[in-house]
Amino acid sequence: MIEEAYQKKLPEALIDDYHLDFKKSLQISNSNPNNQRPVKRISRDGMTIEPRLREARFMPNPIHSATPFAEHRFFLGLIGEIFKQFNVHDSQALETPANRRLLIEKAAEGIIIAGKLIGKEKEAEWTAQQLRNVIDESDQQLWQCCAHLCTMESFLYKKMNEYMRLCGDQNVLPLHVQLPV
Numbered sequence: 010m011i012e013e014a015y016q017k018k019l020p021e022a023l024i025d026d027y028h029l030d031f032k033k034s035l036q037i038s039n040s041n042p043n044n045q046r047p048v049k050r051i052s053r054d055g056m057t058i059e060p061r062l063r064e065a066r067f068m069p070n071p072i073h074s075a076t077p078f079a080e081h082r083f084f085l086g087l088i089g090e091i092f093k094q095f096n097v098h099d100s101q102a103l104e105t106p107a108n109r110r111l112l113i114e115k116a117a118e119g120i121i122i123a124g125k126l127i128g129k130e131k132e133a134e135w136t137a138q139q140l141r142n143v144i145d146e147s148d149q150q151l152w153q154c155c156a157h158l159c160t161m162e163s164f165l166y167k168k169m170n171e172y173m174r175l176c177g178d179q180n181v182l183p184l185h186v187q188l189p190v
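Residue numbers (the numbering used here): 10 to 190.
Printed below as a string of structure tokens:
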């Protein structure tokens with residue numbers, strides 16, 4: 010989001026919790042304009058930089074021991090919900106161009122809903138737009154986009170990780186029950 014705004018030569022980039030003033034090289038809080046800090050743009054072209062590790066990798070592992078996220082019951086429940094939402098009875102029906110577009114659009118809408126619920130509306134809209142940008146592209150490009158969006162440091166990565174870790178916990182409702190359709 011930030012790089013796109015910079016490349017378009019916009020004066021600032023608006024993020025959910027703050028905005029960046031490119032001319033002054035400042036990050037400014039949206040809730041308190043006096044809360045500012047300097048920022049510096051770093052170009053990674055041609056540089057060999059060690060990747061930054063997510064802090065969450067070093068946190069205690071809260072995976073529910075009874076049923077990790079690879080449990081078939083969770084996957085089948087999610088697929089069953091998809092089939093029910095699209096009124097289909099086999100996976101071939103999901104591969105039609107119209108259903109594929111609808112599935113991607115519903116995923117984008119779901120991302121926006123989830124982002125709004127946790128105060129990350131701008132980030133969610135950007136993420137959904139990235140998904141919509143590949144709606145008519147090849148399966149390979151779609152999968153690459155999905156992998157990129159689900160692994161970049163964002164609310165989506167954190168939420169997906171949270172749901173996967175809680176999968177199988179009998180005290181937690183399944184994801185498809187938690188989010189409105």
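Just so you know, even glycine gets a beta-carbon here, dropped at the ideal spot from N, CA and C.
List the endpoints of the continuous beta strand (DSSP E) containing residue i.
i, result
"residue 30", "27 to 30"
"residue 47", "45 to 47"
"residue 37", "35 to 38"
Would you call the CB atoms of residue i and residue j closer than 8 Å?
i, j, result
"residue 133", "residue 144", "no"
"residue 108", "residue 102", "yes"
"residue 131", "residue 25", "yes"
"residue 38", "residue 47", "no"
"residue 202", "residue 129", "Lying before the first or after the last residue shown, residue 202 is absent from the chain, which here runs from 10 to 190."
"residue 16", "residue 27", "no"
"residue 92", "residue 111", "no"
"residue 159", "residue 139", "no"
"residue 32", "residue 42", "no"
Does the beta carbon of residue i fall short of 7 Å from some heavy atom of the ligand ADP?
i, result
"residue 109", "In terms of ligand content, the structure shown is empty, and the ligand ADP therefore cannot be addressed."
Can you tell me whether residue i is helix, strand or coil according to DSSP?
i, result
"residue 111", "helix"
"residue 165", "helix"
"residue 127", "coil"
"residue 122", "helix"
"residue 52", "coil"
"residue 96", "coil"
"residue 42", "coil"
"residue 90", "helix"
"residue 172", "helix"
What do you get for residue i, buried or exposed, if any count of 16 or more other CB atoms within 10 angstroms of its CB means buried?
i, result
"residue 51", "exposed"
"residue 57", "Confidence in residue 57 is poor, its pLDDT being 48 and thus under 50, which makes the residue's placement unreliable; the coordinate value appears in the next sentence. Looking at its Cβ environment, which holds fewer than 16 other Cβ atoms inside 10 Å, residue 57 is exposed."
"residue 168", "buried"
"residue 136", "buried"
"residue 127", "exposed"
"residue 123", "buried"
"residue 23", "exposed"
Give the DSSP bridge partners of residue i, in chain order.
i, result
"residue 133", "Paired residues: none, contrary to the question."
"residue 22", "29"
Could you spell out where the alpha helix (DSSP H) holding residue i opens and where it closes?
i, result
"residue 11", "11 to 16"
"residue 148", "148 to 160"
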